[in-house]
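Single-structure report; data block below.
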Amino acid sequence: MSIVRHFFQLAIVNILSNLMVPLAGLVDVAFLGHLSEIRYLAGVALATVLFNYIYWTFGFLRMGTTGMTAQAIGREDREGVVLIGLRNGLIALSLGLLILILQQPLRMLGFALLSATPEVKASGIAYYNALIWGAPATLLNFVLVGWFLGRSQSGKVFLLSAVANLSNVALNYLFIVRWGWQSAGAGLGTAIAQYLMLLVGAILVNREIPFGQMHQHPLKASLVRQILNPSELRAAFILNGEILVRTFALVSTFAVFTNLSSTLGTEILSTNALLLQVVTLTAYFIDGLAFATETLAGVFLGRGAIAQLTSLIWISGTASLSVGLLFAIAFILNPIPLFGLLTNHTAILRQISSYVGWLLPVLGFGAIAYMLDGYFLGLTAGRILRTSVLAAALLGFAPMAVVAWYFGNSHLLWLSLVLFMAVRAASLAVFVPRTLKNHSGEG
């Protein structure tokens, strides 16, 4: 199979899988938004900020698993593929149980930092108290998705996404609309959906690696010893730690952008929030391409097929940049009709027309950054990813964001986000030539 065909086969399924997440989210928002009191929707939105930090922080479980698994596939190391899944699964289960143990202090700290009326906070806490019980399943699902992506099995990832999102919609309809459990029902529905996804994922894994026959497996004699191999665990923790820093810095940059927007007034906050929705929607598409890049980069590195990495970068880079620019141009040329689908406030639509041009550089540089992110994740080059995003946040975003805050200027705030994306793309691109000469993403 040609690299172009293989790339787009993976990418298309990944994009479809990714798009289920925001679509299911919109349906859930509609359920809550049609209740008699809006505080339930506001409470869920508030608690979601906390869960974004909790779960995004552990996103390394998906990312690290994909690259390591893909490289093992490239080396044709079947035992290594199994061990990576089991080892990262053990880490995920341990972290999930730790979250459950610490759920009360996490809730107290999180809601102490979040601002809202007592009624909204009460709704948010009810959502949190139900959803938190899904933590072990959610983190294990990160590993499952990463493991299947690393094995180029995007169809199974699509199936898991369908199970999670469709069951989430069905359960939330039952719990919220039919039974009137409001925000607590939304949390419970999402938690149960994660366990259903985990169950289907375990069945899929068991069909390939029957755990009931593990006593006959060549790994069996030293399975526990190999899973707990100190050097392998250390390597996994180092990579995961570097990806954790990268993800935390990324999430924090967008959180600071939103917080600074709020200091500039409700209209600017609303305008920037809608523009960020476009950035997020585009990211779901580009991430599908980045996941395919991640898988193939890991496989090619594992095979030692370094020459194919060059072709992969050109194919993925061209596709990613095209998607980013097409989304930006579409919204720049048609701001009123497209944003009119999201709001009917004329004042906000007027503001958007003044700021929509910033989507072009943000999504242009962002597309390259997202693609290279996937490339280096496939190479398990955690140090490069960590260094890049810290440089982008501290040298690209932060100085101009401070200037924007000082002058109270939203255009300067968007410039800070452009600089963040540009520095991130450039700092990753600098390391690409080194990876094409060596057999290690770290150079």
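Here the sequence shown is numbered in our numbering, starting from 16 and rising by one per residue. Heads up, the beta-carbon is just placed ideally off N, CA and C, and yes, glycines get one too. Only a predicted model underlies this, so the values are computations on that prediction, with no experimental measurement involved.
- With a cut-off of 8 Å on Cβ pairs, the stretch 304-312 is in contact with the stretch 325-344, counting three or more such pairs.
- 7 Å or more divides the Cβ of Ala396 from the Cβ of Met436.
- Under the Cβ criterion (8 Å, minimum of three pairs), the stretch 89-99 does not count as touching the stretch 109-120.
- In terms of CA proximity to Gly319, Lys452 leads the group Leu124, Lys452, Phe22, Ile69.
- Note that the C-beta distance between Leu25 and Ser169 is below 7 Å.
- Taken atom to atom, the span from the alpha-carbon of Val28 to that of Leu174 is near 10 Å.
- In this structure, the CA atom of Gly79 is about 8 Å from the CA atom of Ala251.
- Between the stretch 412-421 and the stretch 360-376 there are fewer than three inter-stretch CB-CB distances shorter than 8 Å, so the stretches are not counted as touching.
- Contact fails between the stretch 260-280 and the stretch 345-358, because fewer than three Cβ pairs, one in each stretch, are under 8 Å apart.
- A Cβ-Cβ separation of about 5 Å places Val135 in contact with Ala57 under the 8 Å criterion.
- Between Leu304 and Ser276, the gap from beta carbon to beta carbon reaches 7 Å or more.
- Residue environment for Ile88: buried (at least 16 other C-beta atoms within 10 angstroms of its C-beta).
- Assigned with DSSP and collapsed to three states, Thr333 falls in helix.
- Comparing alpha-carbon positions, the option among Thr72, Arg102, Leu38 lying closest to Leu181 turns out to be Leu38.
- Distances from the CA of Trp196 to each of Ser138, Ala85, Arg77 were compared; the closest alpha carbon is that of Ser138.
- By the neighbour-count criterion, in which 16 or more other beta carbons inside 10 Å mark a residue as buried, Met83 falls on the buried side.
- When secondary structure is reduced to three states using DSSP, Asn244 falls in the coil class, being assigned neither helix nor strand.
- Apart from sequence neighbours up to five positions away, the residues of its chain that approach Gln209 with a beta-carbon distance below 8 Å are Gly149, Ala152, Thr153, Asn156, Ala179, ordered along the chain.
- Trp429: member of the alpha helix (DSSP H) spanning 425-444, first to last residue.
- Relative to Gln323, the option among Thr308, Tyr299, Thr333 whose CA is nearest is Thr308.
- Spanning the alpha carbons of Gly393 and Val447 requires a straight line of approximately 13 Å.
- For Val371, no alpha helix (DSSP H) segment is defined, and its DSSP state is neither H nor E.
- If you draw a straight line from the Cα of Ile191 to the Cα of Ala201, it comes to about 7 Å.
- Relative to Val184, the option among Gly165, Phe66, Thr205 whose CA is nearest is Thr205.
- By the criterion of a C-beta distance shorter than 6 Å, Gln118 is surrounded in its chain by Ile147, once the five residues flanking it on both sides are discounted.
- In this model, Gly389 and Leu213 are separated by some 24 Å (Cα to Cα).
- Within the same chain, and ignoring the five residues on either side of Gly100 in sequence, the residues whose Cβ sits closer than 6 Å to its Cβ are Trp162.
- When Ile106, Asn67, Phe346 are compared, the shortest CA-CA separation from Gly125 is found for Asn67.
- Rounded to whole angstroms, Asn144 and Ile69 show a C-alpha spacing of 14 Å.
- For Ser337, the closest of Leu348, Ala382, Pro245, Ala177 by C-alpha to C-alpha distance is Ala382.
- Annotated three-state conformation of Trp148 is helix, per DSSP.
- If you draw a 10 Å sphere on the C-beta of Ser331, you find 16 or more other C-beta atoms in it, and that means buried.
- In this structure, Leu400 places its C-beta atom within 7 Å of the C-beta atom of Arg261.
- Put simply, of Thr450, Met386, Leu279, Ala217 the residue whose alpha carbon is nearest the alpha carbon of Gly104 is Ala217.
- Taking 8 Å as the upper bound for CB-CB distance, Leu265 and Phe75 are not in contact here, some 12 Å apart.
- Contact annotation: Leu443 and Leu364 have beta-carbon atoms that are not nearer than 7 Å.
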